[in-house]
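Just so you know, the sequence shown maps onto residues 59 to 162 in this note's numbering. Since the structure comes first, as structure tokens, the remarks are kept for the end.
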Amino acid sequence: MFRVTIRGAFEELGEDEREALRGVVDSLQVAFTEAGTFTCDRSLSAFTFRCEVPAEPDDGEQEATERAIAALTAHGYPHRILRIGVTDMRNIKIRRKPRGAGGT
């Protein structure tokens, strides 16, 4: 699984698009989902798009980036991408506290 964060700017939004995005701003959902979620400022100029991309064994950051951009594009808002960050969740190690740690 990859988590991709795309930071960008909206371009030439129509009034219907602005109204739809205002609903997004009001909901304040910040989760990573396969369809992707937006957070943006009230002026609807800049945005952050968070997308969770399933990973095949041979997939790398390039494939994850392409799929996240496709998910962003599917939302239909005119935009330009400023920066993309990709985290390969397969490489994340979770450190667990030893049993009995913490004074109990």
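From the three backbone atoms N, C-alpha and C, an ideal C-beta is built for every residue, glycine too. Please read these numbers as outputs of a predicted model, since none were measured by experiment.
*Going by C-alpha distance, which of Glu70, Glu121, Arg148 and Arg61 is nearest Thr95?*
Arg61
*Which first and last residues belong to the beta strand (DSSP E) in which Glu110 is found?*
Ala104 to Val111
*What is the DSSP secondary structure of Gly143, counted as helix, strand or coil?*
strand
*Could you check where the alpha helix (DSSP H) with Thr131 kicks off and where it finishes?*
Glu119 to Ala132
*For Ile139, the nearest candidate out of Glu124, Ala89 and Phe90 (CA to CA)*: Glu124
*Which first and last residues belong to the beta strand (DSSP E) in which Gly66 is found?*
Phe60 to Phe68
*What is the residue span of the beta strand (DSSP E) that Phe96 lies within?*
Thr95 to Cys98
*In whole angstroms, what separates the C-alpha of Phe68 from that of Pro115?*
34 Å
_Spatial neighbours of Phe90 within its chain, please: C-beta separation below 7 Å, excluding the five flanking residues on both sides._
Arg61, Arg108, Cys109 and Glu110
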